[in-house]
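Working notes, structure below.
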Amino acid sequence: MLAQSWQIYRKDMLVEYRTRERVVTMFVFSLIVVIIFNFAFNAGADVLQRVAPGMIWVAFAFAGMLSASRSFSPEKDRGTFEGLLLAPIDRGSIFLGKLMGNVTLIGLVQLAVLPLFVLFFNMTILPYLSKLLVIFFLGTVGFSSVATLFAAVAVNTRMRDVMLPVLLLPVASPVLIALVETTRTTFEGGDWQDMTNWIRLLSVFTVVFLIASVMLFEYIVEE
């Protein structure tokens, strides 16, 4: 399964490298959000420390939806989606390949936008960079698991660009809240013990939805 997932992931990344369709759109959107918030919250350091986590994850959540919305659209638009489903491979590997692509693109946007965010808001993240990396990784994998699954659901509907956020945001809200809280605690200088419950929620959400999505994907694409 992993070898098949890697081939699908490699194919999607080669296409993205040639077109740069998704990553550029995601980066520009996230940058615009950061710039707007920069002008909207012209406040002191204490206020920014409280609102910054929400700003960060609003930008990354919507960028993630942009990425997920294009996970299956190219194959669907070209009429090759059915051919992909008929290929003699485990359908869970299709999901994992698409998931790895979304995690990679969201991660690239995070790496590009976070330094700009720090620059615009005059913040420092170096003292707790290791904590942020763990939080961002767990959150990105968990969010992408749900987003990729619902992208497969929405791709077969007429209003797929509208349906994805309608389906995704209510389900993903627990992980987004946990991400905001853990990021806020980290910015305030808290340690792992101060956010144990939120980290557990992130970990459980990520593991449960990752496993469930792999298992449910085959039934979803058959409908």
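When we follow my numbering, the leftmost residue of the sequence shown carries the number 4, and every step to the right adds one. Idealized CB from N, CA, C, for every residue including glycine.
Residues in its own chain within less than 6 Å of Met58 by CB, not counting five upstream and five downstream?
Counting only Cβ-Cβ distances below 6 Å, and skipping sequence neighbours, we find Phe40.
How many angstroms separate the CA atom of Gly82 from the CA atom of Gly100?
In a straight line, the C-alpha of Gly82 is about 19 Å away from that of Gly100.
Expressed to the nearest angstrom, what Euclidean distance is found between the alpha-carbon atoms of Phe146 and Arg203?
So the alpha carbons of these two residues sit roughly 15 Å apart.
My output table needs one value for Arg23: the three-state DSSP class, helix, strand or coil.
Coil at Arg23, not helix or strand.
With Arg203 as the anchor, note down where its alpha helix (DSSP H) starts and where it stops.
Run containing Arg203: 199-225, per the alpha helix (DSSP H) assignment.
Label Trp195 either buried or exposed according to how many other C-beta atoms from any shown protein chain fall within 10 Å of its C-beta, with 16 as the threshold for buried.
Trp195 comes out exposed.
Flag this pair as touching only if the region 57-75 and the region 24-37 have three or more C-beta atom pairs under 8 Å; answer yes or no.
Touching, yes.
Minimum length 4: unbroken alpha helix (DSSP H) runs contained in the region 141-210:
Correct list: 163-190.
Helix, strand or coil for Ala90, going by three-state DSSP, please let me know.
Here Ala90 sits in coil by DSSP.
To the nearest angstrom, report how far apart Pro56 and Glu19 are at their CA atoms.
Their Cα atoms are separated by approximately 29 Å.
Ala64 and Leu219 closer than 7 Å at C-beta:
Cβ atoms of Ala64 and Leu219: not closer than 7 Å.
My guess is that Phe212 and Ala154 are in contact by the Cβ rule of under 8 Å, so how many angstroms apart are they, rounded?
The pair is not a contact, with the Cβ atoms about 14 Å apart (cut-off 8 Å).
Flag this pair as touching only if the region 100-112 and the region 178-192 have three or more C-beta atom pairs under 8 Å; answer yes or no.
With fewer than three CB-CB distances shorter than 8 Å, the region 100-112 does not count as touching the region 178-192.
Tyr131 to Leu205 span [Cα, whole Å]:
Taking the straight line joining both Cα atoms gives about 18 Å.
Would you call the CB atoms of Val144 and Thr185 closer than 7 Å?
With a cutoff of 7 Å on beta-carbon distance, Val144 and Thr185 are scored as not near each other.
Taking only three categories from DSSP, how would you classify Asn125?
In the three-state scheme derived from DSSP, where H, G and I count as helix and E and B as strand, Asn125 is classed as coil.
When you compare each of Leu170, Ala90, Ile138, Thr199 to Gly110 by their alpha carbons, which one comes out closest?
Comparing Cα-Cα distances from Gly110 to each of Leu170, Ala90, Ile138, Thr199, the minimum goes to Ile138.
Is Glu221 closer than 7 Å to Arg94 when the C-beta atoms are compared?
Contact: yes.
Tell me the rounded alpha-carbon separation between Leu119 and Thr22.
Rounded to the nearest whole angstrom, the C-alpha separation of Leu119 and Thr22 is 24 Å.
Cβ neighbour criterion (16 or more within 10 Å) applied to Phe192:
Reading off the sequence, residue 192 comes out as Gly, not Phe. The residue is exposed, with fewer than 16 neighbouring Cβ atoms inside 10 Å.
Are the beta-carbon atoms belonging to Phe98 and Val207 less than 7 Å from one another?
No.
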